[in-house]
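In what follows, a single structure is set out as structure tokens and then discussed.
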Amino acid sequence: MLPIRRAPLAHHVGALCIYLLLAIALTWPLASRPGSLLIGGYESRGFTFEDGSQNIWNIWWVGHALAEGKHPFWSDMLYYPEGLQFYFQTLNLAGIVPVLPIHYAWGPVAAYTCALWLALTLTGYAGFLLTRAFVPGWFIPLFAGFLLTASPFHLMKLRGNHVNLLSMQWMVLYVLGLMWLTQRRDKRSALLLAFSALMVALNDWYWVLACAFFTLAWFAYSLWHDSDRQGQLRAYGRFVGYTLILATPLLVGIWGIRERLQLVPVAGDQWWRVENEHFAADALGLFFPALWPWLEGEQQQALLKALTPHTPPQYTPEAWYVGAGWLLLALAAVGMWHAGQQRWRWLFVGGCMWLLALGPTLTVAGFKLGIPMPYALLQELPFLTVARRPSHFAALCIVVAMIFAALGLQHISQSRTRLQRGFLYTGLIALAVIELWPTGWLHYEFQVDPLFAHIRNKPGVVVDLPYEELWTSRSLRNQTVHEQPILGGYVARRPPYPTFYSNPLFSQLALMKPWPDDIIPLDPPTLQAMQCYYRLRHVVVALDETEAAQLSKLTTMLTTLTGTTLQPTYNDGSYLAYELPFFADACRAFLLLDRGWFERETDGVRIWRWTGAETQFWVINPFAQPRPMRLSMAIDGRYPVYSELWRSHELLARWEIQPTRRDYELLLVVPPGATQFTIHSTTIAEPGTPRQIAFPLVALHIEE
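In structure tokens, the structure reads:
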């Protein structure tokens with residue numbers, strides 16, 4: 012059992028101050044312009060800036076939500092009108108709340124800079140606290156925390172602007188709490204560990220997975236080697252109970268959106284399998300050198316190619332790099348040699364984490380050997396589909412290495428005079444700075460066009476063009492100023508967006524290309540009815556990202572929608588803006604197609620779509636009261652099939668379709684808002700194709 016050592020308050024305050032100064036120095040020159048400058052990594056890869064903008068938006072959104080009394084884990088500002096849940100996004104509530112005062116006083120960019128400093132400072136301090144449980148004194152734990160927070164793996168998260176992953180402090184404190192629970196087995200230790208687990212969950216789900224498997228390995232070792240198994244079971248059971256109590260609001264929220272979670276089995280999804288392969292650590296990855304001296308040019312490309320010769324270029328080091336630092340590993344080797352026999356538990360759990368970090372198959376020096384690894388079994392679990400980076404399990408390997416590095420340095424410094432220790436420590440600090448100090452940071456300016464401050468006081472949905480939800484967070488940057496709902500959004504895990512893909516008004520504007528005629532009417536009155544309901548107000552175009560042909564098509568579509576040539580309300584050479592009328596007198600019911608329809612077909616005269624076994628559409632009633640409506644369907648039957656029309660669990664109609672052209676009408680009472688209807692049909696195999704079809708619909712119409 013390890014002794015619980017208490018340090019004077021001055022030691023803790025001094026350590027925090029030193030780590031804060033280190034954080035400011037590591038990120039310089041952010042401190043010179045904390046309200047506009049962002050750090051970055053690759054000149055050829057703008058994702059570093061885009062992810063930074065996303066995290067700045069996270070701070071803005073949480074501050075906005077709390078100020079407005081809204082739920083921070085659900086936003087109606089993105090993916091309008093459906094909104095977006097943040098339970099499995101990179102929100103990092105644990106890292107945002109402490110910097111909200113900075114946000115309210117100086118804005119989200121300054122708050123984000125402080126969040127980076129806080130993550131670097133507290134990760135080092137958490138390492139200091141953990142290593143003090145093994146090594147007395149002040150300097151050695153302080154130096155060990157420095158090796159952790161300045162490790163190449165950790166600074167790679169800074170370079171990628173992944174502040175959620177940079178915030179490793181709660182995970183380190185969780186490890187410390189797990190050790191305390193094993194030693195003390197009392198209620199207080201269980202409660203502290205449960206609180207750490209909650210903070211890890213509010214930080215990032217990757218770290219939750221890492222802590223969960225670390226705990227399983229730790230618990231298995233405890234049951235195998237501890238004679239008091241019942242005591243261990245009681246202690247861990249108490250911890251689980253406290254965790255469930257503390258996490259109840261979070262778990263209730265996740266349960267409420269369980270049906271919308273995208274838990275796709277990895278075995279059946281080739282994209283996920285490839286991601287898991289290339290986001291895994293190399294078997295030699297801990298020993299990879301720090302990349303900072305080769306940040307730019309041909310040297311960098313040559314080094315990356317040498318380290319990962321079979322990794323496609325789109326999988327940049329943020330995905331697979333797990334370098335721990337040579338100095339840390341050298342000291343850890345000394346610690347393992349001299350103290351490993353007394354610390355078998357730590358070697359065991361660290362080894363388990365390393366095996367998981369290697370991903371589904373073994374990679375050595377960049378060569379894919381195809382040998383199955385333990386992660387190949389774990390990736391089949393449904394909840395692991397929210398994660399695709401096995402390499403992140405290596406974070407706890409580096410934490411374990413930090414402990415052994417402190418033990419190794421303690422052994423080296425024993426039996427040394429005070430003067431000799433001074434020279435030793437000075438030399439180690441110099442070596443650490445030479446190896447770990449980052450050089451060549453790229454920097455980006457967080458800038459927003461004055462247009463968006465102008466439209467802030469004109470409520471209405473913003474269509475920020477060109478629409479590109481995957482490659483740019485431009486619309487998020489702009490939204491932090493105009494504070495209006497937008498179409499889509501730049502998020503880590505994109506949700507389904509059925510309204511966008513089924514709504515002609517949304518898609519025509521966002522994609523800047525005309526929607527072809529379909530089985531539902533797309534005339535100007537229908538588009539104006541859609542505009543009356545959805546209230547899209549501001550169409551803004553980034554001119555440097557838009558082609559002339561796209562702009563011409565957009566102008567044509569705006570003319571079709573409004574019935575007149577719409578004049579821009581703003582044009583500064585960078586942005587062009589239009590303000591759309593709401594058409595308050597044009598409101599009426601309309602239809603949108605949903606899932607289950609085959610692609611539109613035409614013979615040059617008629618247009619039709621085949622239905623399948625389950626075909627869905629929406630009826631939108633824009634009024635505040637239920638309305639009686641007539642649903643009309645023109646069906647050109649080709650085969651005898653049976654069909655039923657359902658609304659939720661209510662059967663509305665049943666009919667037999669014959670091989671003939673026939674119009675069907677049905678009277679409905681439609682509630683306010685959007686109501687989904689489903690056509691269930693028997694199907695037949697279409698000759699010469701793999702399709703299972705029911706009947707072709709040539710027109711679908713709703714009217715009061």
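Take 12 as the starting number for the sequence shown in the numbering used here and just add one per residue. All residues carry an ideal CB built from backbone N, CA and C; glycine is no exception. Computed from a predicted model, the values in this text were never measured in an experiment.
DSSP places A559 inside the alpha helix (DSSP H), whose first and last residues are A559 to T573.
Secondary structure of S692 (DSSP, three-state): strand.
Proximity to G346 across A155, H549, T101 and E661 peaks at A155, based on C-alpha coordinates. Check the Cα spacing between L569 and each of Q458, D555, W71 and L538: the tightest is with L538. Residue nearest to E612 within the set L169, D647 and P371 is D647 (criterion: CA-CA distance). Here the alpha carbon of V146 sits roughly 41 Å from the alpha carbon of A116.
With distances taken between CA atoms, V110 lies nearest to A122 out of L104, A122 and Q100. Using a Cβ distance threshold of 8 Å, L656 and V630 do not count as a contacting pair. Here the segment 91 to 106 lies against the segment 500 to 517, with 3 or more beta-carbon pairs under 8 Å apart.
Restricting attention to Y545, L577, P579 and T576, the CA atom closest to the CA of C598 is found in Y545.
Its chain contains D460, L462, V551, V552, A553 and L554 as the residues whose beta carbon lies nearer than 8 Å to that of Y586, once the 5 sequence neighbours on both sides are disregarded; these appear in chain order.
Across the set V360, D293, E288 and I409, the C-alpha of I409 shows the shortest separation from the C-alpha of A341.
Under the three-state reduction of DSSP output, N632 falls in the strand class. A distance of 8 Å or more separates the beta carbons of L297 and A443. Considering only E625, Y247 and F164, the residue with the shortest C-alpha distance to S178 is F164.
Around the beta carbon of F250, 16 or more other beta carbons lie within 10 angstroms, which makes this residue buried. Look at T686 here: in three-state DSSP terms it is strand. Between the C-alpha atoms of I70 and M182 there is a straight-line separation of about 21 Å. Under the 10 Å beta carbon count, L255 is surrounded by fewer than 16 other beta carbons and is classified as exposed. The beta carbon of Y478 lies closer than 7 Å to those of L498, G499, A521 and L522 in the same chain, with the five residues before and after it left out.
Boundaries of the alpha helix (DSSP H) harbouring G438: R429 to L447, taken from the DSSP string. Ranked by Cα distance from Y508, the first of Y30, Q65, Y675 and Y90 is Y90. Here A201 is not near Y185, since their CB atoms are 8 Å or more apart. Runs of the alpha helix (DSSP H) spanning 4 or more residues and lying entirely within the segment 300 to 360 occur at 308 to 318, 328 to 331 and 337 to 350, in chain order. The count of Cβ pairs closer than 8 Å, one atom from the segment 126 to 136 and one from the segment 23 to 30, reaches three, so the stretches are in contact. Excluding residues up to 5 positions away in sequence, Q627 lie with their Cβ nearer than 6 Å to the Cβ of R606 in the same chain.
Rounded to whole angstroms, A130 and Q180 show a C-alpha spacing of 7 Å. The beta-carbon separation of L572 and Y589, rounded to 10 Å, does not stay under the 8 Å limit for a contact.
Note: T124 is not bridge-paired with any residue in the DSSP secondary-structure output. The residues P496, in chain order, have a CB closer than 6 Å to that of M88 in the same chain once the five nearest residues on each side in sequence are set aside. Within its own chain, the residues whose Cβ lies closer than 6 Å to the Cβ of S484, once the five positions on either side in sequence are excluded, are E61, S64, Q65 and Y501, listed in chain order.
Residue environment for S86: buried (at least 16 other C-beta atoms within 10 angstroms of its C-beta). Looking at the DSSP output, A645 sits in a beta bridge with D674 and A710. In the three-state reduction of the DSSP assignment, D475 falls in the strand class. The continuous alpha helix (DSSP H) containing A521 extends over residues P515 to L522.
Between F359 and V120 a beta carbon distance of about 44 Å is seen, past the 8 Å cut, so the two are scored as non-contacting.
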